Amino acid sequence: MSDLQLAAEELTEARTSGKPCPPLRGRLLPEGDVAAAYEVQQHQVRQWLAAGQRRVGAKIGLTSRAVQENLGVYEPDFGVLTDVMAVPDGVEVPIDRLLQPRVEAEIAFVLGADLPDERVTTVDVIRAVDHLLPAIEIVDSRVAGWDISIVDTVADNASSGLFVLGTAPRRLAEVDLRLCGMVLEQAGEPVSVGAGAACLGNPLHAVAWLATTMARAGEPLRAGEVVLSGALGPMVAVTPGAAYEARISGLGSVRTCFSLDPVSARSEPVLRAPQSGTKGGSS
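Residue numbering for the sequence shown follows the working numbering, starting at 378 and increasing by one per position.
As structure tokens, this is what we get:
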């Protein structure tokens, strides 16, 4: 078995066992070898699809210039979203479904047309977008202690976990993507704030980058798919039992909450709607 296959197996074992693995860089993957890391990611995605999961979109990571500089990279990364990663708005997530979860607020683009060209422009993206939704990405790392480099996070499907979408779509023309403000709250208190400009200057730029990159890789974005365009503010470590609500100006809000204790086995636990009057419950 090659080192790339071993890396994929370690990440898979971490997902199923709930025990993070050591960093992959310098051990199974060469330092800075992003191409090898994407091979590891693709190996896992092929396994998921073969097992019956369905690709529903993609997520963009490392859209903050500060985070890029910290990792020594000069462009974003991406991961694949599948149907089992989708969580309904406001529904409780079993805390044992994740290893080291964090949350961040994003703008989700839902495509109404394919983006197959290998040089996608902003205008191409504008024409292809059907609607926008507020989103919370529940990021997670299978690498112990979030001790990650660009190689580790790319191999780990860009540290993807789950994602939650709002349910009131907005047209692109209704939202100022660069200036729209965001606040992410826990128990009514702000824990992260930001704006569209924090995402590569404008989330449209991030989506154009992703569409170009995926088309060149032979896996173009398709109509109906969701693109999580990148964080609008700092990500926040999840507290078990807590509820989070993201509000984005022009887009409305989206909520998620987490169980206080493990509720089931790690393999595909059932999501439970929060009970009214309890922590994380509906109002």
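From the three backbone atoms N, C-alpha and C, an ideal C-beta is built for every residue, glycine too. Note that this is a predicted model, so its numbers are computed, not measured.
| message | What does the Cβ neighbour count give for K436, buried or exposed, with the cut at 16 atoms within 10 Å? | response | Indexing the sequence shown from 1 puts residue 436 at position 59. Buried, because 16 or more other Cβ atoms sit within 10 Å of the Cβ of K436.
Neighbourhood of T459 by C-beta distance below 7 Å, restricted to the same chain and skipping five residues each side:
For the purposes of this step, residue 459 is taken as residue 82 along the sequence shown, with counting starting at 1. The answer, listed in chain order, is W425, Q430, R431, R432 and V433.
task = Identify every run of the alpha helix (DSSP H) within the segment 417-475, keeping only runs that are complete inside it and at least 4 residues long; order them along the chain.
result = Look at the segment 417-475 and you find these whole runs of alpha helix (DSSP H), each 4 residues long or longer: 442-448.
### Query
Can you name the residues that DSSP bridges to Y621?
On the sequence shown, position 244 is the one that residue 621 refers to. Y621 is bridged to Q563 and T633.
* Using DSSP with H/G/I as helix, E/B as strand and the rest coil, what is A600? -> Looking up residue 600 in the sequence shown gives position 223. Coil.
### Query
Quick one: what does DSSP say A512 is sitting in, helix, strand or coil?
The residue given as residue 512 occupies position 135 in the sequence shown. Of the three classes helix, strand and coil, the one that applies to A512 here is strand, per DSSP.
Do three or more CB pairs link the segment 472-482 to the segment 509-517 at distances below 8 Å? Between the segment 472-482 and the segment 509-517, the count of Cβ pairs shorter than 8 Å is three or higher; the stretches touch.
- Item | Y371 classed as buried or exposed, judged by whether at least 16 other C-beta atoms fall within 10 angstroms | This structure does not reach residue 371, given that the chain is present from 378 up to 660, and the question cannot be answered.
| Do the segment 609-623 and the segment 551-570 make contact, defined as three or more Cβ pairs closer than 8 Å? | The segment 551-570 and the segment 609-623 touch, with three or more beta-carbon pairs separated by less than 8 Å.
Presumed contact (8 Å Cβ cut-off) between P511 and A623, rounded CB distance:
Here residue 511 corresponds to residue number 134 of the sequence shown, with the count starting at 1. Here residue 623 corresponds to residue number 246 of the sequence shown, with the count starting at 1. Between the beta-carbon of P511 and that of A623 there is about 6 Å, and that keeps the pair under the 8 Å contact cut.
Item to complete: Assign A650 to one of two classes, buried (16 or more other C-beta atoms within 10 Å of its C-beta) or exposed (fewer than that).
Response: One-based indexing of the sequence shown puts residue 650 at position 273. A caution first: A650 carries a pLDDT of 43, below 50, which makes its placement in the model too unreliable to give a value.
Practice problem: Say whether the segment 591-607 touches the segment 485-495, bearing in mind that this needs 3 or more beta-carbon pairs closer than 8 Å, one atom from each stretch. | Solution: Result yes; three or more Cβ-Cβ pairs closer than 8 Å.
Under three-state DSSP, which class holds S394?
Sequence index remark: in the sequence shown, residue 394 carries index 17 (1-based). In this structure, DSSP gives S394 a helical state, which the three-state scheme calls helix.
Self-check item: Distance, T393 Cα to V647 Cα
Solution: Reading the sequence shown from its first residue, position 270 is the one you call residue 647. Reading the sequence shown from its first residue, position 16 is the one you call residue 393. The predicted position of V647 is uncertain, since its pLDDT is 39 and thus under 50; a value taken from the coordinates is nonetheless stated next. So the alpha carbons of these two residues sit roughly 16 Å apart.
Check: How many Å lie between D410 and D529 at the Cα?
Finding: On the sequence shown, position 33 is the one that residue 410 refers to. On the sequence shown, position 152 is the one that residue 529 refers to. Cα-Cα distance, rounded: 10 Å.
Residue range of the alpha helix (DSSP H) that A583 falls in?
Counting from one through the sequence shown, the residue named residue 583 turns up at place 206. Counting along the chain, the alpha helix (DSSP H) containing A583 begins and ends at P580 to R593.
| query | Quick one: what does DSSP say E387 is sitting in, helix, strand or coil? | reply | Within the sequence shown, the letter at position 10 stands for residue 387. Helix.
| Since R547 contacts C398 with CB under 8 Å, what's their CB separation in whole angstroms? | As a first step, residue 547 must be located in the sequence shown, where it is residue number 170. As a first step, residue 398 must be located in the sequence shown, where it is residue number 21. Between C398 and R547 the Cβ distance is about 40 Å, and since that is not below 8 Å, they are no contact.
Below 7 Å CB to CB, which residues in the same chain sit around A532 once its five sequence neighbours on both sides are set aside? On the sequence shown, position 155 is the one that residue 532 refers to. A384, L388, L401, L406, A414, V417 and Q418, listed in sequence order.
How about S537 and G627: do their beta carbons lie closer than 9 Å?
Position 160 of the sequence shown, counting from 1, holds the residue named residue 537. Position 250 of the sequence shown, counting from 1, holds the residue named residue 627. Pairing S537 with G627 gives a Cβ-Cβ distance that is not under 9 Å.
Count the other CB atoms within 10 Å of the CB of G543; is the residue buried (16 or more) or exposed (fewer)? As a working note, residue 543 is residue 166 in the sequence shown. With 16 or more other Cβ atoms within 10 Å, it is buried.
Inset, instruction - Could you round the C-beta distance between L549 and L609 to whole angstroms and report it? I think they count as a contact, below 8 Å. - result: Start at 1 with the first residue of the sequence shown, and residue 549 comes out as number 172. Start at 1 with the first residue of the sequence shown, and residue 609 comes out as number 232. That belief does not hold up - the Cβ atoms of L549 and L609 are roughly 16 Å apart, past 8 Å.
Are there 16 or more other CB atoms within 10 angstroms of the CB of Q421, so buried, or fewer, so exposed? Indexing the sequence shown from 1 puts residue 421 at position 44. That one is buried.
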